[in-house]
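Undergrad: Mind having a look at this structure? Questions to follow.
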Amino acid sequence: MFKVWFNHLAMYTFVWMGMLIFFELRLLNYFPLTNYTWYIIVSGFLSFLFGVLVVYTARNSMKQEVIVVDNINENEIPILADNGKAIKYTLYITGIIALLAAVQNWYVLIQKFGSIPAVFISANSIYRLRVEGKLGGVLPYLGFFSFIGICLAGVYTAYKGKLTLAAFLPIFGSILKSVAQFGRIGMLIALVQFIASFFIFKNYLDSRREKKKLKWKLVIPVVLIILIVIGSSSLIKSFRGSYERYRGASKELRTLTENPFFSPSVYLYLSSHVGVLNQYLIKDVEDTKFGETTFSPFYNISAKLGFNEPIPFDLKGYYIPMWTNSGTILRDFHSDFGMLGVYLGPFILGALCTFFWFQFYEKKKMIYFILLVYFFMVVTISFFSSVMKGADWYISLFIFFWLIPFLERQAIINKNIEREAVKVE
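The numbering of the sequence shown is the working numbering, which starts it at 32 and goes up by one.
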């Protein structure tokens, strides 16, 4: 349907099948999934698939021929009219702010604990304080600069064919801040956003070129970012002292206890979420308000005005038979909207991704690209939880609606200035 392997339907299938395969390996003695849990999982996938098919079928029924001419200059997208200069300057600005936000976070920790070594030694305490919302002094909501920068970094890297300093800065700022928070989900989101932006835009560029040879140098930046994230994640794990000796672990998993890359805690991280969904459905003890989890940033804004209690980012944990709390995006949809959420949530997600996919590739409007990347992130992280629970997702997306037209105008201005300079010469 989408002509390329890197699309939202393939990604949803890949991440959910991967998690389910890991879960059913039973390297940890997980409680088996009930028939009702399997019904929820299958219903979510079929709803997502149906959303994709509805938009795909509606588009084809309109019978609008899209003429694709090979070897058209990529600059037909206004934001690239100046060969990426406007994007490069934006990357430097967002990257520097992201780095300053990370440095400020580290400064607060050093002031509190005395030194950098003391910060790493106190990693577990810092993580608990952050989760409980008791780590004061850190400037909030600056993470949206990383969101903006990383999205544009994928575009710029695909366009230039290499990882530049400008593109690396916002990624490094995000990783550095995640290390300061001793959490791994921020790095995972940054990695997913960069890869989504890179490959979706690269697919567009390839579709406009006559020759579509794979350039191995384009693989290098993706591999490099993945290695940096894996290394940083391993660093966090080693200092946080992740528990590795789970009761009920298989003999094969116990042999990996000291492995820095695939230990029992990493296996738990990749496979446990569907087990939490299972226990959540069995216990049936949660009572959440309408949309409370999915739209928690808006509830928290309301809480600051005194209308309700703030919504914690981390959800209730369950014993599966080890304690963990992330239960996939289907748990969020179900707790907020019941079975209607399981049917409608994935359906809307699949429909939106498909709509934005064809709108970008056929109309070449960058705002559709941004929307596609953002909902692609939701799809990819859906095996874990909902990215939309974070305020940075909404803030950065809102800013993009202003930033993209500004960058497009600036790119055209830069191009006209260059033309006038050439005429003068």
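All C-beta atoms, glycine included, are put in the ideal place defined by N, C-alpha and C.
None of these values were measured; they are calculated from a predicted model.
(1) Can you tell me which of the three DSSP states tryptophan 388 falls into?
(2) If you draw a straight line from the C-alpha of glutamine 212 to the C-alpha of methionine 93, how long is it?
(3) Check whether the region 423–437 and the region 308–325 touch, using three or more Cβ-Cβ pairs below 8 Å as the test.
(4) Going along the chain, which unbroken runs of the alpha helix (DSSP H) with 4 or more residues stay wholly within the region 391–451?
(5) On the CB-based measure, 16 or more other CB atoms within 10 Å of its CB, does glycine 185 come out buried or exposed?
(6) With 16 as the cutoff for other CB atoms within 10 Å, does methionine 42 come out buried or exposed?
(7) Under the criterion of a Cβ to heavy atom distance below 8 Å, does phenylalanine 151 qualify as lining the ligand ATP?
(8) Is the separation between the beta-carbon of serine 302 and that of aspartate 363 shorter than 9 Å?
(9) Does the Cβ-Cβ distance between isoleucine 360 and methionine 397 come in under 9 Å?
(10) Roughly how many angstroms separate the alpha carbons of glycine 262 and glycine 381, rounded to a whole number?
(11) What first and last residue would you give for the alpha helix (DSSP H) that runs through glutamate 283?
(12) Please go through the region 324–395 and give each complete alpha helix (DSSP H) segment of 4 or more residues, from N-terminal end onward.
(13) Straight-line CA distance for glycine 75 to threonine 355?
(14) Judging by CA-CA distance, which residue of Gly306, Ile108, Gly49 and Ile179 is the nearest neighbour of methionine 353?
(15) For isoleucine 251, is the classification buried or exposed, using 16 other Cβ atoms within 10 angstroms of its Cβ as the cut-off for buried?
(16) Suppose contacts are defined by Cβ-Cβ distances below 9 Å. Is isoleucine 231 in contact with phenylalanine 400 by that definition?
(17) Nearest to glycine 421 by CA position, among Gly174, Cys182 and Val85, is which residue?
(18) Helix, strand or coil for asparagine 60, going by three-state DSSP, please let me know.
(19) Isoleucine 410 and phenylalanine 79: beta carbons closer than 9 Å?
(20) For phenylalanine 389, which residues of its own chain have a beta-carbon under 7 Å away from its beta-carbon, when the five flanking residues on both sides are left out?
(21) Using the three-state DSSP reduction, which class does asparagine 106 fall into: helix, strand or coil?
(22) If you pair each beta-carbon of the region 148–160 with each one of the region 191–204, do three or more pairs fall below 8 Å?
(23) When DSSP labels each residue in this structure, what does valine 260 get in the three-state scheme?
(24) To the nearest angstrom, how far is the alpha carbon of phenylalanine 429 from that of leucine 371?
(25) Report back the beta-carbon spacing between alanine 132 and lysine 208 to the nearest angstrom; my notes put them in contact at under 8 Å.
(26) In whole angstroms, what is the alpha-carbon distance linking tyrosine 349 and serine 281?
(27) Between which two residues does the alpha helix (DSSP H) carrying valine 83 extend?
(28) Quick check on DSSP: helix, strand or coil for glutamate 317?
(29) Measuring alpha carbon to alpha carbon, tell me which residue in Asp315, Phe387 and Gly115 is nearest threonine 68.
(30) Would you report the Cα separation of threonine 188 and phenylalanine 229, rounded to the nearest angstrom?
(31) Measure the C-alpha to C-alpha separation of glutamate 105 and glycine 180 and round it to an integer number of angstroms.
(32) Which word fits tyrosine 61, buried or exposed, when buried means at least 16 other C-beta atoms lie within 10 angstroms of its C-beta?
(33) How far does the alpha helix (DSSP H) with methionine 218 in it reach, from first residue to last?
(34) If you drop the 5 nearest sequence neighbours on each side, which residues of the same chain put their C-beta closer than 6 Å to that of valine 99?
(35) Taking all protein chains shown into account, decide if methionine 32 is buried (16 or more other Cβ within 10 angstroms of its Cβ) or exposed.
(36) My assumption, with CB atoms under 8 Å, is that leucine 222 sits in contact with isoleucine 257. Please give the rounded CB distance.
TA: This is what the structure holds:
(1) Position 357 of the sequence shown, counted from the start, is the residue given in the question as residue 388. Tryptophan 388 falls in the helix class under three-state DSSP.
(2) The residue labelled residue 212 in the question sits at position 181 within the sequence shown. The residue labelled residue 93 in the question sits at position 62 within the sequence shown. The alpha-carbon atoms of glutamine 212 and methionine 93 are separated by roughly 50 Å.
(3) no
(4) 397–411
(5) Against the sequence shown, residue 185 aligns to sequence position 154. Flag for glycine 185 reads buried.
(6) One-based indexing of the sequence shown puts residue 42 at position 11. That one is buried.
(7) Absent from the structure shown: the ligand ATP. Ligands present: none.
(8) Taking the sequence shown and counting its residues from 1, the one referred to as residue 302 is at position 271. Taking the sequence shown and counting its residues from 1, the one referred to as residue 363 is at position 332. In this structure, aspartate 363 does not lie closer than 9 Å to serine 302 by Cβ.
(9) Start at 1 with the first residue of the sequence shown, and residue 360 comes out as number 329. Start at 1 with the first residue of the sequence shown, and residue 397 comes out as number 366. Cβ distance not < 9 Å, so isoleucine 360 and methionine 397 don't count as in contact.
(10) The residue you call residue 262 lines up with position 231 of the sequence shown. The residue you call residue 381 lines up with position 350 of the sequence shown. Computed Cα separation, rounded: 33 Å.
(11) In the sequence shown, residue 283 corresponds to position 252, counting from 1. Its alpha helix (DSSP H) spans residues 282–285.
(12) 327–335, 359–368 and 370–394
(13) On the sequence shown, position 44 is the one that residue 75 refers to. On the sequence shown, position 324 is the one that residue 355 refers to. Near 22 Å, if we compare the C-alpha coordinates of threonine 355 and glycine 75.
(14) Position 322 of the sequence shown holds residue 353. Per the Cα distances, Gly306.
(15) As a position in the sequence shown, residue 251 is number 220, starting the count at 1. Per the 10 Å Cβ criterion, exposed.
(16) On the sequence shown, residue 231 is found 200 positions in, with the first residue counted as 1. On the sequence shown, residue 400 is found 369 positions in, with the first residue counted as 1. Cβ distance < 9 Å, so isoleucine 231 and phenylalanine 400 count as in contact.
(17) As a working mapping, residue 421 is identified with position 390 in the sequence shown. The option with the nearest alpha carbon to glycine 421 is Gly174.
(18) In the sequence shown, the residue the question calls residue 60 occupies position 29. Asparagine 60 falls in the coil class under three-state DSSP.
(19) Translated into the one-based positions of the sequence shown, residue 410 becomes position 379. Translated into the one-based positions of the sequence shown, residue 79 becomes position 48. The residue you asked about is not isoleucine; residue 410 is valine in the sequence shown. Contact flag set, yes.
(20) One-based indexing of the sequence shown puts residue 389 at position 358. Excluding residues within five positions, the ones whose Cβ falls inside 7 Å are Arg90.
(21) As a working note, residue 106 is residue 75 in the sequence shown. Per-residue confidence for asparagine 106 stands at a pLDDT of 46, beneath the threshold of 50, marking its modelled position as unreliable; the derived number appears in the next sentence. Residue state, collapsed to three classes: helix.
(22) no
(23) Mapped onto the sequence shown, residue 260 falls at position 229. In the structure shown, valine 260 sits in a helix (DSSP, three-state: H, G or I).
(24) As a working mapping, residue 429 is identified with position 398 in the sequence shown. As a working mapping, residue 371 is identified with position 340 in the sequence shown. Between phenylalanine 429 and leucine 371, the C-alpha separation is close to 27 Å.
(25) Working through the sequence shown from its first residue, we reach residue 132 at position 101. Working through the sequence shown from its first residue, we reach residue 208 at position 177. Yes, they are in contact, since the Cβ atoms of alanine 132 and lysine 208 sit about 6 Å apart, within 8 Å.
(26) On the sequence shown, position 318 is the one that residue 349 refers to. On the sequence shown, position 250 is the one that residue 281 refers to. For tyrosine 349 and serine 281, the distance between alpha carbons rounds to 21 Å.
(27) Position 52 of the sequence shown, counting from 1, holds the residue named residue 83. It spans 66–92 - the alpha helix (DSSP H) in which valine 83 sits, taken as one unbroken run.
(28) Along the sequence shown, one-based indexing puts residue 317 at 286. Looking at glutamate 317 - three-state DSSP - the assignment turns out to be coil, as it is neither helix nor strand.
(29) Residue 68 sits at position 37 when you count from the first residue of the sequence shown. Answer by Cα proximity: Asp315.
(30) The residue you call residue 188 lines up with position 157 of the sequence shown. The residue you call residue 229 lines up with position 198 of the sequence shown. Using only the alpha carbons, I get a separation of about 7 Å.
(31) Position 74 of the sequence shown, counted from the start, is the residue given in the question as residue 105. Position 149 of the sequence shown, counted from the start, is the residue given in the question as residue 180. Legend: pLDDT at glutamate 105 = 46, less than 50; position of this residue unreliable, value from coordinates given subsequently. About 21 Å.
(32) Residue numbering aside, residue 61 sits at position 30 when the sequence shown is read from its first letter. Tyrosine 61 is buried by the Cβ-count criterion.
(33) Mapped onto the sequence shown, residue 218 falls at position 187. Where methionine 218 is concerned, the enclosing alpha helix (DSSP H) stretches over 216–238.
(34) In the sequence shown, the residue the question calls residue 99 occupies position 68. At valine 99, the pLDDT of 42 sits below 50, so the modelled position is not reliable; the number obtained from the coordinates is stated separately. No residues qualify anywhere along the chain.
(35) To locate residue 32, count along the sequence shown from 1; it is residue 1. Flag for methionine 32 reads exposed.
(36) Mapped onto the sequence shown, residue 222 falls at position 191. Mapped onto the sequence shown, residue 257 falls at position 226. The pair is a contact, with the Cβ atoms about 7 Å apart (cut-off 8 Å).
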